[in-house]
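Numbering (my numbering), first residue to last: 40 to 165.
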């Protein structure tokens, strides 16, 4: 059985992190359910105006360039993986939109989370 460290309910400081409770996680089915559902709920940031967007040069955005070589490799004629290329491309586009919009809650957060977890599961199965 695995262990999960639960974050304290009060504001986090070094002491509260050290005292975080460790509890048992249930069955394998419960672990998979916890991993896969719910998908990303987004983050509520009241200080941002609705039209706020991250810059394309922000490290959070620029890090998505790492998807490109993987997509190119999965399209190679010598060992094509069209399902992987499609899944990575979808995740890349959705993730860029999601993170450019500061991870706001809503349908995009759920869809992006679902496809990101599907890519994770694909990689796990491989």
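Glycine included, each C-beta is placed from N, C-alpha and C at the ideal position.
Counting only the Cα atoms, residue 156 lies some 14 Å from residue 147. The C-beta of residue 67 has fewer than 16 other C-beta atoms within 10 Å across all chains shown, which makes the residue exposed. The beta carbon of residue 113 is closer than 8 Å to those of 119, 120, 121, 123, 124, 127 in its chain, skipping five residues each way along the sequence. In this structure residue 141 does not touch residue 101 by the C-beta definition: roughly 16 Å separates them, more than the 8 Å allowed. Between residue 103 and residue 134, the gap from beta carbon to beta carbon is short of 8 Å.
Residues of the same chain with a CB within less than 6 Å of the CB of residue 129, apart from the 5 flanking positions on each side, are 154 in chain order.
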